[in-house]
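Enquirer:
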Amino acid sequence: MRKNIVAGNWKMNFGLDETQDLISGLKKINKTSDAEVIIAPPFTNLFSAFESLKNTNIGLAAQNMHESDNGAFTGEISAEMLKSIGVNTVILGHSERRAIFGEDENLLTEKVNTALKHGMRIIYCFGEELKDRNYGEHQEVVGKQIANTLYHLDADAWKNIVLAYEPVWAIGTGETASPEQAQEMHAFIRKEVKHEYGEDVSESLSILYGGSVKPGNAEEIFSKKDVDGGLIGGASLKAEDFMAIVNAFKK
Ligand code: 13P
138 MRKNIVAGNW KMNFGLDETQ DLISGLKKIN KTSDAEVIIA PPFTNLFSAF ESLKNTNIGL
198 AAQNMHESDN GAFTGEISAE MLKSIGVNTV ILGHSERRAI FGEDENLLTE KVNTALKHGM
258 RIIYCFGEEL KDRNYGEHQE VVGKQIANTL YHLDADAWKN IVLAYEPVWA IGTGETASPE
318 QAQEMHAFIR KEVKHEYGED VSESLSILYG GSVKPGNAEE IFSKKDVDGG LIGGASLKAE
378 DFMAIVNAFK K
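In the numbering used here, each residue carries its 1-based index in the sequence shown increased by 137.
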């Protein structure tokens, strides 16, 4: 069946020393859940993190990548560069990239295609804004975000897709979706994917929840049937908190 995953998105936090300290802290804490654990430090720390995580059960992801294979794109990072340092997973479509850096659905489609072409796994983020939920349009918005960037893929490509539902109003705000709201949306997403690709794809698809997940609320959110883990921001910056969230996963 589908995999449980807890991933830490460190965003633009930590230099080399702090990265090493946090990784040492993570390694000291016993993992008691069956969840796959991934951390996504900033680009500058990915290689040292890769070296430190050898022979551990913690994996790595990049927070972004460029849609082109290579070339004159000053300041950008390609899929092959990531793979060359042992990073095979990339987070795409985070709401901060969409809102602050103007990443739209056309660009995200290109990024998705490039990542898959290079054999990378994608943690694909999306989620509605508060106004969408207030208008009762949250499912429609989320359904379109997924359809417009992923439904051109063939069924086989979905083996390399992990979805992360992150309602924008819950990111970094301390306000979480209730476990019921998360379950309702995750069930909706699975149903939509089933409609498009059939049950084999929809039932093997991991759908993570992100938005103010903390040690105190993780267990209840993760206990929901269609919630297959979490994408964690703030709480992934403390080893004890992050591992408490990983170990809150009981299925
Ligand atoms: P917080 O956990 O800090 O709300 O961030 C969630 C997030 O954006 C993960 O990608």
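The beta-carbon is built from N, C-alpha and C at its ideal position, and this holds for glycine as well.
Sorry if obvious, but does the Cβ on V350 come closer than 8 Å to a heavy atom of the ligand 13P?
Expert: Position 213 of the sequence shown holds residue 350. Yes, the ligand 13P has a heavy atom inside 8 Å of this Cβ.
Enquirer: Report the residue from F325, M257 and K361 whose alpha carbon sits nearest the alpha carbon of E277.
Expert: Stepping through the sequence shown from its first residue, residue 277 is reached at position 140. With distances taken between Cα atoms, E277 lies closest to F325.
Enquirer: Distance, Cα to Cα, S161 vs L197?
Expert: Within the sequence shown, numbered from 1, the residue matching residue 161 stands at position 24. Within the sequence shown, numbered from 1, the residue matching residue 197 stands at position 60. Counting only the Cα atoms, L197 lies some 15 Å from S161.
Enquirer: Is the region 202 to 222 close to the region 244 to 253, with three or more CB pairs under 8 Å?
Expert: yes
Enquirer: Where does the unbroken alpha helix (DSSP H) through N243 begin, and where does it stop?
Expert: In the sequence shown, the residue the question calls residue 243 occupies position 106. Segment E242 to K254, the alpha helix (DSSP H) holding N243.
Enquirer: Bridge partners of E173, per DSSP?
Expert: By 1-based counting over the sequence shown, the position of residue 173 is 36. Partner(s): I142.
Enquirer: Does T156 come out as helix, strand or coil in the three-state DSSP assignment?
Expert: Residue 156 sits at position 19 when you count from the first residue of the sequence shown. Of the three classes helix, strand and coil, the one that applies to T156 here is helix, per DSSP.
Enquirer: Comparing C-alpha positions only, which one of N271, S339, L374 and L342 sits nearest to S349?
Expert: Position 212 of the sequence shown holds residue 349. Of N271, S339, L374 and L342, the residue nearest in Cα terms is L374.
Enquirer: Tell me whether G196, by its Cβ, gets closer than 8 Å to a heavy atom of the ligand 13P.
Expert: The residue labelled residue 196 in the question sits at position 59 within the sequence shown. No, Cβ of G196 sits at least 8 Å from all heavy atoms of the ligand 13P.
Enquirer: Quick one: is T169 buried, meaning 16 or more other Cβ sit within 10 Å of its Cβ, or exposed?
Expert: Numbered from its first residue, the sequence shown carries residue 169 at position 32. So T169 ends up on the exposed side.
Enquirer: Given the structure, does N146 come close to the ligand 13P, in the sense that its CB is under 8 Å from one of the ligand's heavy atoms?
Expert: The residue given as residue 146 occupies position 9 in the sequence shown. True, at least one ligand heavy atom lies under 8 Å from that Cβ.
Enquirer: Kindly list the residues whose CB is nearer than 6 Å to the CB of P316, restricted to its own chain and excluding five residues on each side of it in sequence; keep chain order.
Expert: Here residue 316 refers to the residue found at position 179 when the sequence shown is read from its first residue. Closer than 6 Å at the Cβ level, and outside the excluded window around P316, lie E357, I358 and K361.
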